[in-house]
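Heads up, the thing below is written out as structure tokens.
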Amino acid sequence: MTFISPLIDHFNYFVIIFLMVSGLYVVVARGNMIKKLVGLSLFQTSVYLLYLSPGKILGGTPPIIDEGFEVYSNPLPHVLILTAIVVGVATLALGLALVLRINEEYGTIEEDEIFAAGDEDK
Amino acid sequence: MISSNLPALQVVLPLLGAVLAALVRRGPIAWLIALLVSWTMPVIAFALLKQVLADGVISYALGGWAPPLGIEYRVDLVSAYILILVSVMGALVISYAPRSVASEIAPQRQAWFYTMYLLCMAGLLGITITGDAFNAFVFLEVSSLSTYVLIALGRDRRAVLSAYQYLIVGTIGATFYVLGVGLLYVMTGSLNLADIAGRIGDIDNIRPLLAALAFITVGISLKVALFPVHLWLPNAYAFAPSVVTAFLASTATKVAIYLLLRYLFSIFGVVFVFRDLPVTEILIVLSVAAMIIASIVAVFQANVKRMLAYSSVAQIGYITLGIALATQTGLTGGIVHIFNHAVMKATLFMAVGCIVFRTGVVRIEDMAGIGRRMPLTMGAFVIAGLALIGVPGTVGFVSKYYLVAAALEEGWWWLAAIIVISSLIAVVYVGRVIEVAWFREPTAAIKNAGDPPLEMLAFTWVLTAAIVYLGFDTDLTAGIAARAAEILLAGIK
Chain A
18 MTFISPLIDH
28 FNYFVIIFLM
38 VSGLYVVVAR
48 GNMIKKLVGL
58 SLFQTSVYLL
68 YLSPGKILGG
78 TPPIIDEGFE
88 VYSNPLPHVL
98 ILTAIVVGVA
108 TLALGLALVL
118 RINEEYGTIE
128 EDEIFAAGDE
138 DK
Chain B
4 MISSNLPALQ
14 VVLPLLGAVL
24 AALVRRGPIA
34 WLIALLVSWT
44 MPVIAFALLK
54 QVLADGVISY
64 ALGGWAPPLG
74 IEYRVDLVSA
84 YILILVSVMG
94 ALVISYAPRS
104 VASEIAPQRQ
114 AWFYTMYLLC
124 MAGLLGITIT
134 GDAFNAFVFL
144 EVSSLSTYVL
154 IALGRDRRAV
164 LSAYQYLIVG
174 TIGATFYVLG
184 VGLLYVMTGS
194 LNLADIAGRI
204 GDIDNIRPLL
214 AALAFITVGI
224 SLKVALFPVH
234 LWLPNAYAFA
244 PSVVTAFLAS
254 TATKVAIYLL
264 LRYLFSIFGV
274 VFVFRDLPVT
284 EILIVLSVAA
294 MIIASIVAVF
304 QANVKRMLAY
314 SSVAQIGYIT
324 LGIALATQTG
334 LTGGIVHIFN
344 HAVMKATLFM
354 AVGCIVFRTG
364 VVRIEDMAGI
374 GRRMPLTMGA
384 FVIAGLALIG
394 VPGTVGFVSK
404 YYLVAAALEE
414 GWWWLAAIIV
424 ISSLIAVVYV
434 GRVIEVAWFR
444 EPTAAIKNAG
454 DPPLEMLAFT
464 WVLTAAIVYL
474 GFDTDLTAGI
484 AARAAEILLA
494 GIK
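These protein sequence lines are chains A and B, in that order. Quick note: the first sequence, position 38, residue 55 per the working numbering, numbers continuous. Quick note: the second sequence, position 156, residue 159 per the working numbering, numbers continuous.
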């Protein structure tokens, strides 16, 4: 069972790594520009989890000082990730807007079809 | 009151200016706002430099929250040097901009253009001035997101495509960076850069640190456009509006290099990075590859902006070469080349912007005889081109002198030879433009072209004069760079 126990102990980290790698894979492997953005979001989300999970302490309470509570969870990662989520949403919105413009200009959002269009310098 | 709050004003003013420019919605008024704000920036940056030279490092507690708990803005000689670079370039480019912008961007979008320009500047200045790892990430994204918009405003439909490709690569880079910062935070419990640097030595288990170093280095390298992760850069530079290219080429990659310097030297430390790990070897191989391969690719480009973009990748190779050597002379060469390359690339892209404004041509073949029709514009191009090659009497020579000297100090004569070979390839691609522009009969397309309006020409020549002046008087650039290198090499256990 020596192989299984680290897997269970660090279960959260394995989920994070799986999300991260699959997100990156989608970005690299897919030619559809919307799907690439989905992959990118997945990748970013995995990093949010990476921040949040060490902040959780088993048995810890929200960080409000009160009698009878000694162990508090770390609130800082939540604050940081709130900012990171805003950044992620802005990136996704801008990415989608660009895809919209690309679709207007090229009539497609498949990368191979766009490169096949072969623009030349005027 | 004002002098003690200068670090905050350096970032807050362009942010407020951006909002104001977005609210007025009219191109010319938005430009005036941008102009005003952009010229305030170098004033603040020089005032900060003066304070740093007089009283040492400035530590500014944002909102009155003392560091390391609050966000700290920290100005030392290295960051003051980059602040001056970014703010001066930003001011010169925006003064040059209005007619070029009016000819390339639709009227209803011009106010948004200036909004994005100011936002981008706020982001770049913010990365430079902040002493907080996560704050740097936020500013990195502020500057990146506005850059994507600026690139997408280009005339060619490929501009949107390049912006999208840069968005994907840039976001991966920024996410890698924040991932590395997350690991550092877990290990040290701090986000303040100086605080992290102080605590990093006490950590016994260095494996998470190695992972953090790897993620941060690769993430920032994507932004630096370090070979071989430079592929977003040529298209982005080629299809962005001329003004944007001149601004980005002289500031964006330079600020990313600054961030890399901070992490490699001030946070992780020279001993850890350069002695225990093969960073020198890896960086030298990549730098040399950039200097040779990107230069050769530049020779075969048909589009002059693309050619200059590949040349930028090669020149970034020189800078990272100086960083890789991690000696006093080498680092001085790298840091001084950050400044020198910014000056010459801005000049070249501004000269190209003048040509596009007058004739609309970007293909080198179509520029036949343009030197006779636009002698002053092409004169600036030639001088900046000579600086790119490294001819004595220009800034390019100063940087290459330091780099060759640093290579010889290590006894690596082959590296000095590679620097010379790469310069010779630059002779080929710069010479190709000069040959077409000066020694051929003008074609029909440019028969009636003439030198551009006064302000475009004037600001191109201000930079051209700087290329020659700073080639002789090296106190301002190399002098400060040498002291900056000392600080970076000394801030280390």
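Even for Gly, the Cβ is constructed at its ideal location relative to N, Cα and C. Computed from a predicted structure; not experimentally measured.
- Around the beta carbon of Pro-94 of chain A, 16 or more other beta carbons sit within 10 angstroms, so the residue counts as buried.
- Contact note: Glu-84 of chain A does not reach chain B at a C-beta cutoff of 8 Å; the least C-beta distance is about 25 Å.
- Cα atoms of Leu-479 of chain B and Tyr-76 of chain B: separation of roughly 24 Å, rounded to the nearest angstrom.
- Here the alpha carbons of Ser-165 of chain B and Glu-130 of chain A stand approximately 15 Å from one another.
- Annotation: Cβ neighbours of Lys-53 of chain A in chain B (cutoff 7 Å, chain order): Ile-171.
- Only residues of its own chain outside the window of five on either side were considered, and among them Tyr-240, Ser-315, Lys-348, Ala-349 and Phe-352 have a CB closer than 7 Å to the CB of Ala-252 of chain B, listed in chain order.
- Taking the CA atoms as reference points, Leu-111 of chain A sits about 8 Å from Leu-148 of chain B.
- Flagged as an interface residue toward chain A: Leu-164 of chain B, by a C-beta distance shorter than 7 Å.
- Within the region 75-101 of chain A, the residues whose Cβ lies closer than 7 Å to some Cβ of chain B are Leu-97, Thr-100 and Ala-101, listed in chain order.
- Taking the Cα of Met-459 of chain B as reference, the smallest distance to any Cα among B:Ala-243, B:Cys-357, B:Val-385 and B:Ile-386 is reached at B:Cys-357.
- Residue pairing for Thr-78 of chain A: DSSP places it in a beta bridge opposite A:Tyr-89.
- Listed along chain B, the residues sitting closer than 8 Å to Arg-118 of chain A by beta-carbon distance are Ala-155 and Val-163.
- In this structure, Glu-122 of chain A sits near Arg-160 of chain B, with a CB-CB distance shorter than 7 Å.
- By the neighbour-count criterion, in which a residue is buried when 16 or more other Cβ atoms sit within 10 angstroms of its Cβ, His-27 of chain A is exposed.
- Among the bridge pairs identified by DSSP, Asp-478 of chain B is matched with none.
- Taking 7 Å as the Cβ-Cβ cut-off, the region 334-366 of chain B approaches chain A at Val-365 and Arg-366, given in chain order.
- Bridge partners of Asp-135 of chain B according to DSSP: B:Asn-195.
- Across the set B:Gln-304, B:Glu-412, B:Ser-82 and B:Leu-26, the C-alpha of B:Ser-82 shows the shortest separation from the C-alpha of Ile-61 of chain B.
- The beta carbon of Tyr-167 of chain B sits closer than 7 Å to some beta carbon of chain A.
- For Tyr-321 of chain B, the uninterrupted alpha helix (DSSP H) segment begins and ends at 307-328.
- Under the DSSP definition of a beta bridge, Val-78 of chain B partners with B:Ile-61.
- Identification of chain B residues near Pro-23 of chain A by a Cβ-Cβ cut-off of 8 Å yields none; the smallest Cβ-Cβ distance measures about 14 Å.
- At least one CB of chain B lies nearer than 7 Å to the CB of Thr-108 of chain A.
- Gly-183 of chain B and Leu-115 of chain A have their alpha carbons spaced roughly 28 Å apart.
- In this chain, the alpha helix (DSSP H) harbouring Phe-218 of chain B covers 210-227.
- For Val-104 of chain A, the closest Cβ of chain B is nearer than 7 Å.
- Taking each of B:Ile-449, B:Met-4 and B:Gly-126 in turn and checking the Cα distance to Gly-20 of chain B, the smallest one comes out for B:Gly-126.
- Per DSSP, the unbroken alpha helix (DSSP H) holding Asn-343 of chain B starts and ends at 331-362.
- Less than 7 Å separates the beta-carbon of Leu-128 of chain B from that of Val-14 of chain B.
- Taking 7 Å as the CB threshold, Tyr-151 of chain B lines the interface with chain A.
- Residues of chain B with a Cβ closer than 8 Å to the Cβ of Leu-111 of chain A are, in chain order, Leu-148, Tyr-151, Val-152 and Leu-170.
- Taking 7 Å as the cut-off, the Cβ atoms of Thr-335 of chain B and Tyr-405 of chain B count as close.
- At least 7 Å separates the beta-carbon of Ala-448 of chain B from that of Gly-374 of chain B.
- Of the other Cβ atoms in all chains shown, fewer than 16 fall within 10 Å of the Cβ of Ala-107 of chain A; this residue is therefore exposed.
- Under the Cβ criterion of 7 Å, Glu-144 of chain B is counted among the residues facing chain A.
- Taking every protein chain shown into account, the CB of Ala-109 of chain B has fewer than 16 other CB atoms within 10 angstroms, so this residue is exposed.
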